Structures are given as C-alpha cells and as structure tokens.
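Let me begin by presenting the structure, written as structure tokens, before commenting on it.
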Amino acid sequence: MPEGDSNPLVVVLGATGAQGGSVVKYLLGDPDKSFRVRAVTRNVDSARAKDLIAQNVEVVRANPDDLESIINAFNGAYGVFGTMVKETEIQHGKHLVDAAQAAKVKHFVWSTLDHTSNPTVVHWETKAIIDDYLKLSGVPRTSLYTSFYYENFLTFPAFMFKKTEDGKIVAEWPYALTKGFIGGYSVGETGAYVLEALKGHEEWIEWFYVNHDNSVRDLALTKHIYPARKDMYAFVEANKAEFMKIFDS
1 MPEGDSNPLV VVLGATGAQG GSVVKYLLGD PDKSFRVRAV TRNVDSARAK DLIAQNVEVV
61 RANPDDLESI INAFNGAYGV FGTMVKETEI QHGKHLVDAA QAAKVKHFVW STLDHTSNPT
121 VVHWETKAII DDYLKLSGVP RTSLYTSFYY ENFLTFPAFM FKKTEDGKIV AEWPYALTKG
181 FIGGYSVGET GAYVLEALKG HEEWIEWFYV NHDNSVRDLA LTKHIYPARK DMYAFVEANK
241 AEFMKIFDS
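Residue numbers 1 to 249, in full-length UniProt numbering, belong to the letters of the sequence shown in order.
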C-alpha cells in the first residue's frame, strides 16, 4: 500500500472506548503502516481524545443523532469501524450505515452480536438488528461477532474471582459448565480482527468473523493475540484456581 498521506483512511467510531480504542491501537501499530486513522468522538476535549491527538490521530467531533455530522466524518474514508455507544438506540446505528452509504465507504467493519430470544438481551438484539440493516444496505462490510469480555472478570461483581484465605482463586458463576462453554475474548484484541479484515479486504467482504469459536481467523490469532494471551495463561497456572458449584441444574 502507498505510504504517507495517500494511505487509505479508516474512520473509527467509539475511538475513546474499549473496542474502538483497541482498533486505533492496532491500526497505529501495524508494521506496514497501511492506513491513516480518523477517530470520531462526541467530545474532542476529553482526556482520551487528547491522548489520541498526541499520537497524531485525527480526531473529529460527530454525533450519531446528527446524520450530516457522521457523513462529514466519513468523507474520504476507505474503511469504517463501527460499534454502538448507546446499546438501545437502533437509529444511531442506522445513521452510521446511511452515512457509510452516502460517503461511498468501501469497507465497513461492524461490531455485532447474535439475535437472542427467551430471554431477549437488549444490547445483543440492537447490534444484530443494525447488522441486518447493514447487510441489506449494499455497503461492503465485514460483520465482527464479538462476545463476553475477559475484562468482565475484573469489573462485573457477578463474574469477579475471589481469593480465599488459603490463597485459592475461586469463581462462583451461575453457569453450568457441563452444558457448554462461555465464549470470550479480551476486548483489547478487537483491533487485531479489524486490522486483518481491512488488510485482507477481498477475502473478508460480505463475510464475518466469529471470535468465540473455532471459526476465528488463525492469522489474526498467531500474529497479534496468542502472544498477549500467554500472560493470562501464566497467571492461571501460577495460582490455584477452582470453580464452586452453586446450583445443580
């Protein structure tokens, strides 16, 4: 790919958040320097936005409520990474798709989840509805099916590990381990999948990543993710860990 200002431009939504921040990190860290990066945020004066500016990232203000502002943010873009900020606001997501269509974006990577039922999980369903809208729009896209964040073990009380007096690390989860598995990944890995999709454009247009089962792209894993995960494995192996049964079913 060409270098410098002629490099294809990738616009990153939610660049000051967990997923978008990871995408910016991997785009900037790409050894080939394949893309320029434009970060979209509601507040260009926030500490995280200023941190991006310090990394020579172009930061622009746009609001999903305002379609024209999103179109302006997408102008000149080769690719877009999109994720939801307000999980219940379907119109916001549709504005992103409409803006990509208007700006003639050539590759839209959408962070999505599966449809759900019985019970309906609102933030999953919202992402899936927008993914359906994107598929029907004709905008060239890759759907990135994400899953449970490993970081939830550190931030969500229901999933946090506890340390006992004898030094064991205990997990007390309302989940029957014999009935399946919890698909998961580190949200910090998101950018690895997005980078591979954008660089392998022809291979991934109209396709999808599933990063919580064996369909995951090996190249993204071996180049970016496995080295980061070895620290996690080392932590687990160095500590006594066990699951506590809290119900029978």
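Backbone N, C-alpha and C define an ideal beta-carbon position, used for all residues, glycine too.
Just so you know, these numbers come straight off a predicted model, no measurement behind them.
Margin query: Alpha carbons only, please: which of 191, 35, 136 and 55 is nearest the one belonging to residue 94?
Written below: 136
Notebook entry, point to check: Terminal residues of the continuous beta strand (DSSP E) containing residue 36?
Noted result: For residue 36, the enclosing beta strand (DSSP E) starts and ends at 36 to 41.
Notebook entry, point to check: Taking the alpha-carbon positions, what's the residue 16 to residue 41 distance?
Noted result: 7 angstroms
Margin query: With H, G and I counted as helix, E and B as strand and the rest as coil, what does DSSP make of residue 107?
Written below: The answer is strand: DSSP assigns residue 107 an E or B state.
Check: What is the DSSP secondary structure of residue 15, reduced to helix, strand or coil?
Finding: coil
Checklist line | Identified DSSP bridge partners for residue 148 | finding: 184
Item checked: Assigned secondary structure, residue 113 (DSSP; H/G/I helix, E/B strand, else coil) -> Residue 113: coil per DSSP, three-state reduction.
Check: What is the DSSP secondary structure of residue 162, reduced to helix, strand or coil?
Finding: strand
Check: Rounded to a whole number of angstroms, what is the C-alpha to C-alpha distance between residue 152 and residue 128?
Finding: 21 angstroms
Margin query: Could you check whether residue 191 and residue 78 sit closer than 8 angstroms to each other, using their CB atoms as the reference points?
Written below: no
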